[in-house]
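Chains as they are written, first to last, in the working numbering: chain A, 1 to 525; chain B, 526 to 910. As structure tokens, the structure follows; a few thoughts come after it.
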């Protein structure tokens, strides 16, 4: 925190957007896809919107040998290709690109970090970057440990003065399982303090995910009914219509549980289920998220069949076309690939569903069904709050009437918005009831552009706001909860494929949700 | 995104004698589903409304540009728009109204999102009845914003409409005597603080520039210089209005610096032969000179701000020049300091359209204290000029 006398008196302003303080963003893995497609375009977009300080610079770090200018040329080409609006005004891009620098080196080699230290000092002097640094690990996870070690050895993990700061952004996956997550976190913790660490989950940068907090805690009408007295169950869905395709290598190692549920969907779950925080302070919010994670019933290995279902798609139809099953995709990959071959009888789940029970006063007895799958009918992410049925139905129900309980749907993507489904009388003499939807769509009510998730998260990190980043304890708790599922699925042979590409998942999942509660069924969003 | 305007009956939009029941009926007609909708061949229109926007226009020939702006505004801010036009000097008394819907397709998904627009035309003495006539037309429980696109503020209907608005948006660039306008506005803002919030879209035009200037001082080395500011020079396009007195934007900018940096105004005010207004301020014992200079070379929204900072010895002098170049859509910054050596930076700048400026204003529901303080300071300067 800057001393009040050092605060900029011209900055305090409701009309002015939050603007990053001076800093250097160092991107490890700068020649990789994530930087080309997301990070540099996001930083440029912030620059175009005047949200970066004049004292800003970006340093790319990767093995590929390149001079500063070659890196600038490369970023020019890739930003033209990947940024939503290309580079726009060339003179603005020119101003931005002059702030890009590059260091080539082996991430394990201390010499490269000496070069980096020297460059950062020069940038502080010449551009006024004020000794502030963000280190962004956009590399394969196996390089996290050597980079963090070398940053520590070079003293780059500590701020150079009491007024400057150093932060590190770590991309998911935060480990492969609980032991590897603990090991990684422990290593990070040896070099950086937890308040320096920003574990990025781009899902949390999405506007609708942030809106869950606003929706819950700024509207007096929902919070009183946000509990076991009124809610029957909650469904959290993230489905994709695409298959593993060319990413079979990554997917074969990860699977649906690791790829989506352990990180993104548990974060969404915690926002839906958490208690009101005492303030909007990042740790107050993250404390509440962690508390609800602590309240989740920790099912044992023996209990896994009662809490989780897995699936893998076979061949089917997607977008009007016949598509192969996951195992056929692996076979096709193996035929093409010269070096890497994957198991053609793979038991990797492309669909995963877990039931979480939260043992606290608010949620006791309310199941949270969380599912994610590939090759489903469409790409959609949503949270559906299914309210209880009315205790006594006054109206006579005919065959044509459908009286369903109220559902509140928070759509994360696409068509971000909120829908409330309720029953209404059809006009006429008879008392016929129909379900109607009350819709709010972001794109319709606010025609304004929502920032890309990476823009939002990079800016938050530069501003020192970790609210939308995952904290160590929550990451570890997530792995801990899902470890029995991962273990059992690893040990027991699956009967795959068990759902057709283009369907909403395996029949086992339909049976599962209705077990003991026949009124429950999966939504078809 | 294009917006279409339709009447309740799909016939041309026609003005009818003002009658509340007719207006309400016409509004209901707007939302009746068509046969295609009933049969499911067409999606129903979605009515959306987040506020009441009253628009007053006293120049009938500006009506087309106003209609364009309103269409753009409702694209992003669905609301009930009540447009009032008046011809107080007309011989005949007339009060008439029409109702229409402003609809746009939502991102190509076939569903139309619609706002309501009520147009009221008052002529002759009916102008006096305008404010009382529009009040029953507000959508209840939603904020009322008055966008005053007129000049006189001292009589009906302005005073009447003021009493029913939560927020009033004006544009000081409309005024032929902008300094007097700002002075009146400063007084009104102070006196009616509890009832209504005022804003000036000329202030909104300065937002990007101010943000840019503020951003320069996020760099700690430069922030230290800000305390040593010794001269502020603002050049603005000269116009025939107000005998080259400073433009409203220049005045508001100086008011902003004065308020944010805690400058006290001295009695020392002079006009140079070049038409520059020169003011002296004090911050502690440090004297700050402010020069506001009309420039015949500048046009449109050009503005040049030069900040000169010198430490007590005068040795460590820094100069920052920020030019808002209207033609090139750019804010150019030149910086010369002994410690920081970047020289020139170009940032894209797009002068927001009138609709965009109004949309910015509609996002603010309460008081914009920074603006009100800057206006108050500008008012103090004007009083001494």
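Glycine included, every Cβ here is placed at the ideal spot set by N, Cα and C. From a predicted model like this one, the values you see are computed outputs, not experimental measurements.
Short Cβ contact (8 Å threshold) for residue i with residue j
i: residue 375 of chain A; j: residue 241 of chain A; result: yes
i: residue 370 of chain A; j: residue 265 of chain A; result: yes
i: residue 599 of chain B; j: residue 665 of chain B; result: no
i: residue 15 of chain A; j: residue 732 of chain B; result: yes
i: residue 110 of chain A; j: residue 153 of chain A; result: yes
i: residue 494 of chain B; j: residue 53 of chain A; result: Look at the range of chain B in this structure, 526 to 910, and you will see that residue 494 of chain B is not part of it.
i: residue 192 of chain A; j: residue 225 of chain A; result: no
i: residue 413 of chain A; j: residue 372 of chain A; result: no
i: residue 405 of chain A; j: residue 232 of chain A; result: yes
i: residue 521 of chain A; j: residue 514 of chain A; result: yes
i: residue 577 of chain B; j: residue 605 of chain B; result: yes
i: residue 686 of chain B; j: residue 656 of chain B; result: yes
For residue j and residue i, the rounded distance between their alpha carbons
i: residue 530 of chain A; j: residue 750 of chain B; result: Look at the range of chain A in this structure, 1 to 525, and you will see that residue 530 of chain A is not part of it.
i: residue 846 of chain B; j: residue 780 of chain B; result: 19 Å
i: residue 506 of chain A; j: residue 170 of chain A; result: 34 Å
i: residue 857 of chain B; j: residue 760 of chain B; result: 14 Å
i: residue 172 of chain A; j: residue 469 of chain A; result: 11 Å
i: residue 147 of chain A; j: residue 133 of chain A; result: 15 Å
i: residue 326 of chain A; j: residue 356 of chain A; result: 27 Å
i: residue 30 of chain A; j: residue 36 of chain A; result: 8 Å
i: residue 105 of chain A; j: residue 124 of chain A; result: 21 Å
i: residue 184 of chain A; j: residue 603 of chain B; result: 49 Å
i: residue 673 of chain B; j: residue 608 of chain B; result: 10 Å
i: residue 807 of chain B; j: residue 830 of chain B; result: 20 Å
i: residue 423 of chain A; j: residue 417 of chain A; result: 20 Å
i: residue 883 of chain B; j: residue 669 of chain B; result: 14 Å
i: residue 801 of chain B; j: residue 742 of chain B; result: 27 Å
i: residue 467 of chain A; j: residue 201 of chain A; result: 11 Å
i: residue 649 of chain B; j: residue 618 of chain B; result: 4 Å
i: residue 164 of chain A; j: residue 130 of chain A; result: 7 Å
i: residue 880 of chain B; j: residue 774 of chain B; result: 19 Å
i: residue 3 of chain A; j: residue 440 of chain A; result: Low confidence applies here, because residue 3 of chain A scores a pLDDT of 41, under 50, leaving its location unreliable; read the following figure in that light. Going from the Cα of residue 3 of chain A to the Cα of residue 440 of chain A covers about 43 Å.
i: residue 415 of chain A; j: residue 730 of chain B; result: 32 Å
Chain-ordered chain B contacts of residue i [CB-CB under 9 Å]
i: residue 92 of chain A; result: 855, 871, 872 and 873
i: residue 465 of chain A; result: Those within 9 Å of residue 465 of chain A in chain B number zero; the least Cβ separation is about 16 Å.
i: residue 88 of chain A; result: 873
i: residue 506 of chain A; result: Correct list: empty, because the minimum Cβ distance to chain B is about 31 Å.
Residues that residue i bridges to, as DSSP identifies them
i: residue 684 of chain B; result: Answer is none; residue 684 of chain B lacks a bridge partner.
i: residue 421 of chain A; result: A:407 and A:437
i: residue 870 of chain B; result: B:858
i: residue 250 of chain A; result: Answer by DSSP bridge pairing: none, since residue 250 of chain A is not bridged.
i: residue 23 of chain A; result: A:56
i: residue 749 of chain B; result: Answer is none; residue 749 of chain B lacks a bridge partner.
i: residue 466 of chain B; result: The displayed coordinates of chain B run from 526 to 910. Any statement about residue 466 of chain B would go beyond what the structure contains.
i: residue 646 of chain B; result: B:610 and B:621
i: residue 359 of chain A; result: Partner(s): none; residue 359 of chain A has no beta bridge.
i: residue 725 of chain B; result: B:695
i: residue 490 of chain A; result: None; residue 490 of chain A has no bridge partner.
i: residue 672 of chain B; result: B:580 and B:694
i: residue 294 of chain A; result: Its beta-bridge partners do not exist; DSSP assigns none.
Buried/exposed call for residue i, threshold 16 Cβ in 10 Å
i: residue 643 of chain B; result: buried
i: residue 302 of chain A; result: exposed
i: residue 114 of chain A; result: exposed
i: residue 907 of chain B; result: buried
i: residue 364 of chain A; result: exposed
i: residue 156 of chain A; result: buried
i: residue 322 of chain A; result: exposed
i: residue 852 of chain B; result: exposed
i: residue 221 of chain A; result: exposed
i: residue 335 of chain A; result: exposed
Proximal chain B residues relative to residue i, where beta-carbon distance stays under 7 Å
i: residue 48 of chain A; result: 873
i: residue 10 of chain A; result: 738, 739, 742 and 785
i: residue 53 of chain A; result: 740, 743 and 744
CB contact check: residue i to chain E, cutoff 8 Å
i: residue 15 of chain A; result: No chain E appears in the structure shown, which is made up of the protein chains A and B.
Partners in chain A for residue i, counting only beta-carbon separations shorter than 8 Å
i: residue 732 of chain B; result: 15 and 16
Closer than 7 Å: residue i CB and nearest the ligand SAH heavy atom
i: residue 160 of chain A; result: In the structure shown, the ligand SAH is absent, as is every other ligand, since no ligand is present at all.
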